[in-house]
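Protein chains in written order, with this note's numbering: chain A, 1 to 114; chain B, 1 to 113.
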Amino acid sequence: GAGVSQSPSNKVTEKGKDVELRCDPISGHTALYWYRQSLGQGLEFLIYFQGNSAPDKSGLPSDRFSAERTGGSVSTLTIQRTQQEDSAVYLCASSLASVGRPQHFGDGTRLSIL
Amino acid sequence: DQQVKQNSPSLSVQEGRISILNCDYTNSMFDYFLWYKKYPAEGPTFLISISSIKDKNEDGRFTVFLNKSAKHLSLHIVPSQPGDSAVYFCAASRNSGNTPLVFGKGTRLSVIA
């Protein structure tokens with residue numbers, strides 16, 4: 001399809017395990033964002049990639065969280081030693097890096113930590 | 001410190017009437033504002049945006065109004081339809097949209113037939 005694709009759609013894991021979440025942005029979009037939505041909350045920014053620039057990691061809640069973007073396209077968000085408070089829906093968005101271009105979101109990965 | 005606030009968690013409107021969703025912001029550096037619509041188990045869908053150089057933008061049944069002096073924006077949906085029932089998020093950014101979005105907590109709109 002032409003939209004942002006995220007996998008898996010659901011992930012259940014035990015506390016302490018590592019998880020990897022994947023995002024395929026819209027083709028040609030140079031900007032890629034990760035957000036998360038915890039229960040009853042708005043979307044919270046995590047990390048932002050723009051072209052070949054160093055990523056903006058200012059939203060990452062702890063050093064257990066990391067992300068990479070290979071070849072300027074696919075991105076992987078990794079959470080190490082998961083905790084129960086990491087349970088949330090993790091959303092990826094992409095956009096054209098031009099003035100006034102909206103971000104388009106995938107359907108997210110629902111992460112549940114037991 | 002919430003920079004984008006949607007003070008109404010929910011709103012119910014009769015089909016055919018106008019829905020008005022409100023949003024306030026505190027950061028005067030925001031210059032680009034967006035509304036997203038979200039259904040359960042789906043990602044947010046972009047609806048409409050407005051730049052701070054404008055005070056109104058219209059797209060079909062959806063109109064967004066921006067009052068910079070009051071740091072307030074609103075989304076009008078006319079006429080409201082049952083398919084409009086969803087959670088609506090207001091979002092804001094700096095640098096004409098080339099920065100991460102700051103979101104409100106959303107307003108759940110129910111359009112009653």
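Glycine included, every Cβ here is placed at the ideal spot set by N, Cα and C. This one's a predicted model, so the numbers in the text were calculated from it and none came from an experiment.
C-beta atoms of residue i and residue j nearer than 7 Å
i: SER8 (chain B); j: LEU109 (chain B); result: no
i: VAL4 (chain A); j: SER94 (chain A); result: yes
i: THR78 (chain A); j: GLU14 (chain A); result: no
i: CYS23 (chain B); j: LEU101 (chain B); result: no
i: SER87 (chain A); j: SER53 (chain A); result: no
i: ARG81 (chain A); j: ARG64 (chain A); result: yes
i: GLN6 (chain A); j: GLY71 (chain A); result: no
i: LEU21 (chain B); j: THR107 (chain B); result: yes
i: LYS105 (chain B); j: GLY42 (chain A); result: yes
i: GLY115 (chain B); j: GLY106 (chain A); result: Any property of residue 115 (chain B) remains undetermined from this structure, which presents chain B solely from 1 to 113.
i: ALA91 (chain B); j: PHE30 (chain B); result: no
Assigned exposure category for residue i - 16 Cβ within 10 Å defines buried
i: ALA2 (chain A); result: exposed
i: ILE53 (chain B); result: exposed
i: GLY83 (chain B); result: exposed
i: GLN81 (chain B); result: exposed
i: LEU66 (chain B); result: buried
i: GLN103 (chain A); result: buried
i: PRO61 (chain A); result: exposed
i: LEU114 (chain A); result: exposed
i: GLN2 (chain B); result: exposed
i: LYS37 (chain B); result: buried
i: PRO8 (chain A); result: exposed
i: GLY16 (chain B); result: exposed
i: SER10 (chain B); result: exposed
i: ALA67 (chain A); result: buried
Spatial distance of residue i from residue j (CA atoms)
i: ASN95 (chain B); j: TYR32 (chain B); result: 8 Å
i: LYS11 (chain A); j: ASP18 (chain A); result: 11 Å
i: PHE62 (chain B); j: LYS68 (chain B); result: 19 Å
i: SER98 (chain A); j: THR30 (chain A); result: 10 Å
i: ASP55 (chain B); j: VAL4 (chain B); result: 18 Å
i: PRO25 (chain A); j: LEU32 (chain A); result: 7 Å
i: SER73 (chain A); j: SER27 (chain A); result: 8 Å
i: PHE49 (chain A); j: PRO55 (chain A); result: 5 Å
i: ILE112 (chain B); j: SER51 (chain B); result: 32 Å
i: PHE45 (chain A); j: GLY97 (chain B); result: 14 Å
i: SER49 (chain B); j: ARG69 (chain A); result: 28 Å
i: HIS76 (chain B); j: VAL87 (chain B); result: 14 Å
i: VAL64 (chain B); j: THR26 (chain B); result: 18 Å
i: LYS130 (chain A); j: SER85 (chain B); result: Look at the range of chain A in this structure, 1 to 114, and you will see that residue 130 (chain A) is not part of it.
i: LEU47 (chain B); j: GLU85 (chain A); result: 31 Å
i: GLN6 (chain B); j: GLY100 (chain A); result: 22 Å
i: TRP34 (chain A); j: GLN14 (chain B); result: 36 Å
i: TYR90 (chain A); j: SER28 (chain B); result: 28 Å
i: SER12 (chain B); j: TYR39 (chain B); result: 16 Å
i: ILE47 (chain A); j: THR45 (chain B); result: 20 Å
As an exercise, report each continuous beta strand (DSSP E) stretch of at least 3 residues that is fully enclosed by the region 46-95 of chain B, in chain order.
Complete beta strand (DSSP E) runs here, min 3: 56-59, 62-67, 72-77 and 86-93.
Beta strand (DSSP E) segments (min. 3 residues) lying fully within the region 55-106 of chain A:
65-69, 75-79 and 88-95
Please list the residues of the region 96-107 of chain B that have a C-beta atom closer than 9 Å to any C-beta atom in chain A, keeping them in chain order.
SER96, GLY97, ASN98, THR99, PRO100, LEU101, VAL102, PHE103, GLY104, LYS105 and GLY106
Contacting positions in the region 14-44 of chain B - beta carbon closer than 8 Å to chain A
TYR32, LEU34, TYR36, ALA41, GLU42, GLY43 and PRO44
What are the residues of the region 43-65 of chain B that lie near chain A, defined by any Cβ-Cβ distance shorter than 7 Å?
GLY43, PRO44, PHE46, SER49 and SER51
Counting only Cβ-Cβ distances shorter than 7 Å, please list the residues of the region 32-47 of chain A near chain B, keeping chain order.
TYR33, GLN41, GLY42, LEU43 and PHE45
May I ask you to list, following chain order, the residues of the region 64-94 of chain A that have a beta carbon less than 7 Å from some beta carbon of chain B?
LEU91
Start-end ranges of the beta strand (DSSP E) lying completely within the region 3-45 of chain B, minimum 3 residues
10-14, 19-25 and 32-38
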